[in-house]
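Comments concern the structure below.
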Amino acid sequence: MTLSKKLFGTFEGVFIPSILTILGIIMYLRMGWIVANAGLMGTLIIISISSLITFLTALSVSSMATNMKVKGGGIYYVISRSFGIEIGAAIGLPLFLSQVIGITFYLAGFSESLKYIFPNASTTLIALVSLISLTALTFYSTDLAMKAQVFIFITIILSLISLFFGQPLTETSTSLPLNFTPASYLAVFALFFPAVTGISTGLSMSGDLKNPSKSIPSGTIAAVIVGYIIYVAVAFALYHLASPHLLNTNSLIVTKVARFAPIIFLGIWMASLSSALGSLLAAPRTLKALAEDNILPKFLGKEFGQAKSPHVATFISVLLAGGALFLGGIDIIAPILSMFFLTSYGALNLAAGLESFMKNPSWRPQFKTHWSLSFLGAGLCFSAMFLIHAPSTLLAFISCFLIYLVTQFRQIDSSWSDMRQGLFIMTARFALQKIASYKKEAKNWRPHILFTPTLGDNFSDNLTSLIYMKHLTQNRSFISSIFLEKAQIAGINFSEEQEELSSHSIATYDIHYIKKELFKNKINSFVKIHKYTNYTQANIELIREYSIGPIEMNSLALNFPKTDDEKQLQSFLDLLDEAKKQKKNILIFNFHNAEKVKKIELLFNGKKRSLCKNTKDFLLVLAHMLSISLRSNVFCLTDSDSDSEELKKELKAKRLNFKTVNNQNTSAQQAFSSIFQKIKGKEQCLQILNIATKDDFQTSEEYLNYWKNLVQQYSKCGTTDSKSYQHQIFAMPNEEICFNDVLN
Numbered sequence: 013m014t015l016s017k018k019l020f021g022t023f024e025g026v027f028i029p030s031i032l033t034i035l036g037i038i039m040y041l042r043m044g045w046i047v048a049n050a051g052l053m054g055t056l057i058i059i060s061i062s063s064l065i066t067f068l069t070a071l072s073v074s075s076m077a078t079n080m081k082v083k084g085g086g087i088y089y090v091i092s093r094s095f096g097i098e099i100g101a102a103i104g105l106p107l108f109l110s111q112v113i114g115i116t117f118y119l120a121g122f123s124e125s126l127k128y129i130f131p132n133a134s135t136t137l138i139a140l141v142s143l144i145s146l147t148a149l150t151f152y153s154t155d156l157a158m159k160a161q162v163f164i165f166i167t168i169i170l171s172l173i174s175l176f177f178g179q180p181l182t183e184t185s186t187s188l189p190l191n192f193t194p195a196s197y198l199a200v201f202a203l204f205f206p207a208v209t210g211i212s213t214g215l216s217m218s219g220d221l222k223n224p225s226k227s228i229p230s231g232t233i234a235a236v237i238v239g240y241i242i243y244v245a246v247a248f249a250l251y252h253l254a255s256p257h258l259l260n261t262n263s264l265i266v267t268k269v270a271r272f273a274p275i276i277f278l279g280i281w282m283a284s285l286s287s288a289l290g291s292l293l294a295a296p297r298t299l300k301a302l303a304e305d306n307i308l309p310k311f312l313g314k315e316f317g318q319a320k321s322p323h324v325a326t327f328i329s330v331l332l333a334g335g336a337l338f339l340g341g342i343d344i345i346a347p348i349l350s351m352f353f354l355t356s357y358g359a360l361n362l363a364a365g366l367e368s369f370m371k372n373p374s375w376r377p378q379f380k381t382h383w384s385l386s387f388l389g390a391g392l393c394f395s396a397m398f399l400i401h402a403p404s405t406l407l408a409f410i411s412c413f414l415i416y417l418v419t420q421f422r423q424i425d426s427s428w429s430d431m432r433q434g435l436f437i438m439t440a441r442f443a444l445q446k447i448a449s450y451k452k453e454a455k456n457w458r459p460h461i462l463f464t465p466t467l468g469d470n471f472s473d474n475l476t477s478l479i480y481m482k483h484l485t486q487n488r489s490f491i492s493s494i495f496l497e498k499a500q501i502a503g504i505n506f507s508e509e510q511e512e513l514s515s516h517s518i519a520t521y522d523i524h525y526i527k528k529e530l531f532k533n534k535i536n537s538f539v540k541i542h543k544y545t546n547y548t549q550a551n552i553e554l555i556r557e558y559s560i561g562p563i564e565m566n567s568l569a570l571n572f573p574k575t576d577d578e579k580q581l582q583s584f585l586d587l588l589d590e591a592k593k594q595k596k597n598i599l600i601f602n603f604h605n606a607e608k609v610k611k612i613e614l615l616f617n618g619k620k621r622s623l624c625k626n627t628k629d630f631l632l633v634l635a636h637m638l639s640i641s642l643r644s645n646v647f648c649l650t651d652s653d654s655d656s657e658e659l660k661k662e663l664k665a666k667r668l669n670f671k672t673v674n675n676q677n678t679s680a681q682q683a684f685s686s687i688f689q690k691i692k693g694k695e696q697c698l699q700i701l702n703i704a705t706k707d708d709f710q711t712s713e714e715y716l717n718y719w720k721n722l723v724q725q726y727s728k729c730g731t732t733d734s735k736s737y738q739h740q741i742f743a744m745p746n747e748e749i750c751f752n753d754v755l756n
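Residue numbering for the sequence shown follows the working numbering, starting at 13 and increasing by one per position.
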């Protein structure tokens with residue numbers, strides 16, 4: 013018969029661990045100093061703000077705990093299941109370290125109190141012995157450790173009663189010395205805040221609770237409220253029982269004013285040890301959850317015994333806590349601890365606020381918190397961090413961001429869904445609605461490209477074209493890649509012409525392979541596989557209808573035809589004709605490899621009516637955008653010296669640092685060649701050319717012959733027959749926009 017794991021209820025599983033962490037060493041050893049430096053009203057404000065942050069976080073925790081089945085890991089589990097494994101790791105690892113440092117913090121307080129009784133004893137040695145003893149207790153029995161906390165809680169209550177019924181102290185001088193400089197409120201806040209961070213202890217025990225969704229809200233909120241009342245009462249008691257001078261100079265002033273001092277010492281020891289025990293129970297469970305999600309090695313989360321205790325994680329936590337004992341005393345460790353807790357609390361509040369604000373169908377918490385309260389909690393957390401110490405806050409954010417990047421790079425698979433997709437959809441919806449309310453402006457023009465691969469191409473050609481589309485868009489505008497696949501529909505007989513066109517079309521694509529290749533080449537493109545029965549008609553429908561909400565694809569990208577077969581070429585020309593009708597710019601890519609080009613040439617075809625000023629400006633815009641991304645020189649080839657001089661003036665007015673070369677001038681060509689020879693590496697050149705439109709010809713046959721000549725002239729570029737001009741982009745502006753305004 014297998015014994016089941018011991019599970020705890022609300023009181024012993026959440027309330028007791030939380031309240032014991034709240035009623036810790038700060039209350040006994042630093043409240044007097046806090047009252048002396050901040051005054052009674054200042055102390056009450058600090059207690060109230062700190063408790064407000066914790067209370068708002070408790071509300072957020074309660075909402076999230078009643079909306080999901082909270083398993084082991086507490087805060088880490090909630091954040092990772094809300095924001096994803098990357099952000100979960102970025103918060104979870106610092107959270108684990110904060111729990112480890114918390115062990116050190118409480119043991120430092122314990123050893124400080126013993127120093128008054130044994131002045132010659134080593135505080136570090138006392139802390140180490142205490143750490144080993146507590147570890148042995150957790151290894152022996154988690155159940156026994158939890159039962160011990162009930163006895164500790166009773167002792168602390170008795171010590172508080174002794175304090176509240178204490179005798180006022182009298183001294184000759186009750187005022188502070190003239191040279192006394194009170195600590196800033198922010199320094200006092202940084203020291204005090206760890207006192208009210210007990211809610212993470214109860215949440216970290218979520219995997220050991222009978223009913224986490226019920227126990228976490230009731231136990232956590234009760235602990236925060238009770239803790240706030242007790243701290244306010246302690247502040248009033250100390251203010252009336254001792255002078256500011258005694259409060260500032262004697263860290264054990266509570267033992268002097270209490271009715272029965274021994275019970276106070278016992279309370280200090282019990283409080284510090286119980287808080288350390290709470291962190292010692294929480295830290296390994298956070299580490300175990302990180303290991304189970306493959307963020308850390310699996311062996312760290314291994315369980316032992318009938319209670320399934322994470323002994324390996326406990327051993328690692330103890331080693332780190334032992335090393336942290338050498339950081340210093342309470343006053344040094346407390347501000348560090350505050351930063352860690354504020355980071356995790358801020359993330360918790362943000363997660364709950366976003367979930368509540370988005371109102372996804374999956375968000376149905378039994379304990380409901382308005383999103384504004386959660387956002388207020390997050391704002392208070394992050395504001396407090398910057399006010400306490402801005403450089404440390406920036407360092408904390410940078411550290412979390414680096415952990416996020418490393419986790420993202422590892423591409424850890426997670427078996428759960430999170431809110432990120434919903435958050436991005438909500439953001440995209442808001443942005444698209446805003447875009448729809450603005451009219452199109454030349455100042456903000458960028459190419460939004462619809463790419464439909466042409467007949468006879470293979471994927472490597474398409475990938476090369478997409479790489480240069482990436483350079484053209486600079487990953488700041490949209491690329492939509494629609495890969496066409498022939499539909500296999502029973503009962504449909506294709507015509508002979510359709511069969512011939514389809515036989516040259518793209519082979520069946522695997523969308524996962526395509527996305528993998530695009531990701532590998534850092535190409536941000538929407539990808540879709542579109543089934544067709546008629547290739548040309550499918551392309552035409554895409555040209556007419558495809559858009560991303562109010563964002564229309566203003567440019568059609570095609571691969572350069574590799575054959576002058578009349579049927580296939582006519583199908584290609586039909587697409588150009590449709591793009592012109594739909595007022596979409598045309599970009600035709602003729603690339604043979606993905607090697608980076610060393611120079612860009614602009615060739616203006618002035619013999620055709622299509623070379624108007626807007627066409628020239630369109631080519632200049634394309635060259636400018638490509639030159640920035642490729643970091644290549646741009647040379648504009650002209651037909652005469654006068655054209656060259658005129659273009660120079662135009663380029664200067666447009667602030668374009670392009671060079672002009674007279675294509676008909678032999679000496680200029682030699683100078684041009686000399687310039688290019690200075691560029692290191694294999695000759696790779698990109699030509700940008702304007703193409704003629706159908707309106708430039710009297711008959712369709714002339715237009716077809718024009719394209720036949722282009723195919724014959726440029727299809728061999730990049731081979732041994734043509735060493736210099738290896739790549740081309742043929743361009744035609746059809747959009748109703750003045751490209752001169754884009755440049756100006």
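Yeah, the Cβ is synthetic: ideal placement off N, Cα and C, and Gly gets one too.
Remember, predicted model here, so these are calculated numbers, not experimental data.
Buried versus exposed call for residue i [16 or more other C-beta atoms within 10 Å across all chains shown]
| i | result |
| --- | --- |
| SER350 | buried |
| GLU748 | exposed |
| ASN674 | buried |
| SER644 | buried |
| THR184 | Reliability fails at THR184, whose pLDDT of 45 lies under 50, so the model's placement of it is uncertain and no value is given. |
| GLU713 | exposed |
| SER145 | exposed |
| MET53 | exposed |
| GLY561 | exposed |
| SER515 | Note that SER515 scores a pLDDT of 43, beneath 50, so its modelled location is shaky and nothing firm can be said. |
| SER454 | According to the sequence as given, residue 454 is Ala; it is not Ser. Exposed. |
| PHE751 | buried |
| VAL418 | exposed |
| ASN746 | buried |
Whole-angstrom C-beta distance between residue j and residue i, which should lie under 8 Å
| i | j | result |
| --- | --- | --- |
| ALA247 | MET43 | 7 Å |
| ILE211 | ALA70 | 5 Å |
| LYS244 | LEU56 | First, the amino acid is wrong: residue 244 is Val here, not Lys. That pair is a contact at about 6 Å. |
| GLN696 | GLU613 | Not a contact, Cβ separation roughly 12 Å. |
| GLY341 | ALA120 | 5 Å |
| GLY85 | THR298 | 6 Å |
Which residues DSSP lists as bridging residue i, in chain order
| i | result |
| --- | --- |
| TYR544 | LYS498 |
| THR650 | ASN674 |
| HIS636 | Per DSSP, none; premise fails for HIS636. |
| ALA295 | For ALA295, which the question treats as bridged, DSSP gives no partner whatsoever. |
| VAL200 | Answer is none; VAL200 lacks a bridge partner. |
| VAL539 | SER493 |
| GLN740 | ASN602 and GLN699 |
| GLU564 | SER559 |
Limits of the unbroken alpha helix (DSSP H) element including residue i
| i | result |
| --- | --- |
| LEU137 | 135-152 |
| LYS528 | 523-532 |
| LEU701 | Counting along the chain, LEU701 falls outside any alpha helix (DSSP H), though it belongs to the beta strand (DSSP E) covering 697-702. |
Contact under 9 Å by Cβ, residue i with residue j
| i | j | result |
| --- | --- | --- |
| GLY389 | SER72 | yes |
| VAL539 | SER493 | yes |
| VAL754 | TRP457 | yes |
| ILE563 | HIS460 | yes |
| PHE742 | PHE572 | yes |
| LEU475 | LEU289 | no |
| MET744 | THR705 | yes |
| SER263 | GLU124 | yes |
| ILE59 | VAL269 | no |
| ALA249 | LEU175 | yes |
| PHE352 | LEU530 | no |
| SER225 | ALA77 | yes |
| LEU32 | ILE164 | yes |
Boundaries of the beta strand (DSSP E) in which residue i is found, first to last residue
| i | result |
| --- | --- |
| CYS412 | Taken as a continuous stretch (DSSP letters only), CYS412 belongs to no beta strand (DSSP E), being part of the alpha helix (DSSP H) at 383-422. |
| ASN569 | Sequence inspection shows Ala at residue 569; the Asn mentioned does not correspond to that position. 567-571 is the extent of the beta strand (DSSP E) around ALA569. |
| LEU615 | 611-615 |
| PHE327 | Per DSSP, PHE327 belongs to no beta strand (DSSP E); it is in the alpha helix (DSSP H), 323-336. |
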